[in-house]
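Asker: Sharing a structure, written as structure tokens. Questions coming.
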Amino acid sequence: MTNLAADLEKDHHDIDRDLEAFIDRPEEGGPLTSLRKAMDDLRRHIYLEEVFLFPPLRSAGFIGPVLVMLKEHGQMWDVLARVEGLLGDGRYPDAAETVKTELFPLLQAHNPKEEQILYPQLDGVLGAAAAAELREFLAQGVVPDGWTCERAGRSQGSTGGMS
Ligand SMILES: [Fe+2]
Ligand SMILES: [Fe+2]
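Take a look at the structure:
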């Protein structure tokens with residue numbers, strides 16, 4: 000496993016841990032800080048995958064797997080928006096329930112696919128310059144203001160009985 004794949008997997012685990020801390024104790028203070036950190040880190044993780052990882056993987060022929068990952072990112076992004084709304088209303092137990100029953104299961108299904116199917120390809124598809132760029136973003140990059148993932152805002156429609 001490359002350092003890059005290991006770093007990305009660590010990101011998955013850190014986000015899981017911070018989400019679990021809030022699920023266990025949905026209240027102000029430490030757990031709420033954990034949730035806010037996990038949400039920011041997840042958006043950043045989605046950004047770096049969609050901007051730095053998926054284009055070269057797609058060019059290398061991993062079109063289907065990348066499409067599935069983009070779709071799942073969109074679903075997560077929409078759940079994050081709903082959790083933000085609940086937090087804004089001070090509905091911490093409802094936010095925890097949404098994280099537990101919607102966001103967490105999405106991550107549990109999504110992350111192993113990336114770790115088993117896509118991350119092992121990184122060595123082969125990322126050139127040295129792209130790998131360095133990704134490493135630099137992992138170290139100190141921030142998501143540009145207003146950026147949304149490619150498939151954000153589409154999951155509401157899919158729950159409306161169309162499919
Ligand atoms: Fe992802
Ligand atoms: Fe990931």
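Numbering that gives the first Met the number 0 puts the first residue of the sequence shown at 0, with every later residue one more than the last. Ideal placement from N, C-alpha and C gives every residue a C-beta, glycine not left out. Nothing here was measured: the structure is a model prediction, and the numbers come from that model.
Does the contact criterion of 3 or more C-beta pairs under 8 Å hold for the segment 19 to 30 versus the segment 95 to 110?
Answerer: At 8 Å Cβ cutoff, the stretches touch.
Asker: Please determine, among R35, V50, A4 and P104, the residue with the shortest C-alpha to C-alpha distance to G140.
Answerer: To locate residue 140, count along the sequence shown from 1; it is residue 141. Here the closest residue by C-alpha is V50.
Asker: Assign R150 to buried or exposed, taking buried as 16 or more other Cβ atoms, counted over all protein chains shown, within 10 Å of its Cβ.
Answerer: As a working mapping, residue 150 is identified with position 151 in the sequence shown. Buried, since its Cβ has 16 or more Cβ neighbours within 10 Å.
Asker: Is L34 near ligand 3, in the sense that its beta carbon is under 7 Å from a heavy atom of that ligand?
Answerer: This structure lacks ligand 3; its bound ligands are ligand 1 and ligand 2.
Asker: Does E71 pass the burial test, meaning 16 or more other C-beta atoms within 10 Å, or should it be called exposed?
Answerer: For the purposes of this step, residue 71 is taken as residue 72 along the sequence shown, with counting starting at 1. So E71 ends up on the buried side.
Asker: In the DSSP assignment, the alpha helix (DSSP H) including A151 goes from what residue to what residue?
Answerer: Taking the sequence shown and counting its residues from 1, one reaches residue 151 at position 152. Counting along the chain, A151 falls outside any alpha helix (DSSP H), and DSSP gives it neither H nor E.
Asker: Out of S154, G60, G126 and F136, which one is the CA nearest neighbour of E48?
Answerer: For the purposes of this step, residue 48 is taken as residue 49 along the sequence shown, with counting starting at 1. It is F136 whose Cα lies nearest to the Cα of E48.
Asker: DSSP on R90, reduced to helix/strand/coil?
Answerer: Residue mapping note: residue 90 aligns to position 91 of the sequence shown, counting from 1. Here R90 sits in coil by DSSP.
Asker: Taking the alpha carbon of E26 as the point to measure from, which residue in P64, L86 and R16 has its own alpha carbon closest?
Answerer: For the purposes of this step, residue 26 is taken as the residue at position 27 of the sequence shown. Among P64, L86 and R16, the Cα nearest to that of E26 is on L86.
Asker: Could you spell out where the alpha helix (DSSP H) holding D122 opens and where it closes?
Answerer: Reading the sequence shown from its first residue, position 123 is the one you call residue 122. Unbroken alpha helix (DSSP H) run through D122: L121 to V124.
Asker: Quick one: is D122 buried, meaning 16 or more other Cβ sit within 10 Å of its Cβ, or exposed?
Answerer: Within the sequence shown, the letter at position 123 stands for residue 122. Classification for D122: exposed.
Asker: Is the separation between the beta-carbon of L56 and that of L133 shorter than 8 Å?
Answerer: Residue 56 sits at position 57 when you count from the first residue of the sequence shown. Residue 133 sits at position 134 when you count from the first residue of the sequence shown. Going by C-beta atoms, L56 is not nearer than 8 Å to L133.
Asker: Along the chain, where does the alpha helix (DSSP H) that runs through R16 open and close?
Answerer: One-based indexing of the sequence shown puts residue 16 at position 17. Residues N2 to D23.
Asker: Taking 8 Å as the cut-off, decide whether the C-beta atoms of F53 and M68 are in contact.
Answerer: For the purposes of this step, residue 53 is taken as the residue at position 54 of the sequence shown. For the purposes of this step, residue 68 is taken as the residue at position 69 of the sequence shown. Cβ atoms of F53 and M68: closer than 8 Å.
Asker: Among the residues of its own chain, which have a CB less than 6 Å from the CB of L79, if the five just before and after it don't count?
Answerer: Working through the sequence shown from its first residue, we reach residue 79 at position 80. Answer for L79: M38, listed in chain order.
Asker: Is the beta carbon of M38 within less than 7 Å of some heavy atom of ligand 1?
Answerer: Reading the sequence shown from its first residue, position 39 is the one you call residue 38. No, since every heavy atom of ligand 1 falls outside the 7 Å radius drawn around the Cβ of M38.
Asker: Hey, is E114 close to ligand 1, as in C-beta under 7 Å from one of its heavy atoms?
Answerer: Residue mapping note: residue 114 aligns to position 115 of the sequence shown, counting from 1. E114: no, Cβ never under 7 Å from ligand 1.
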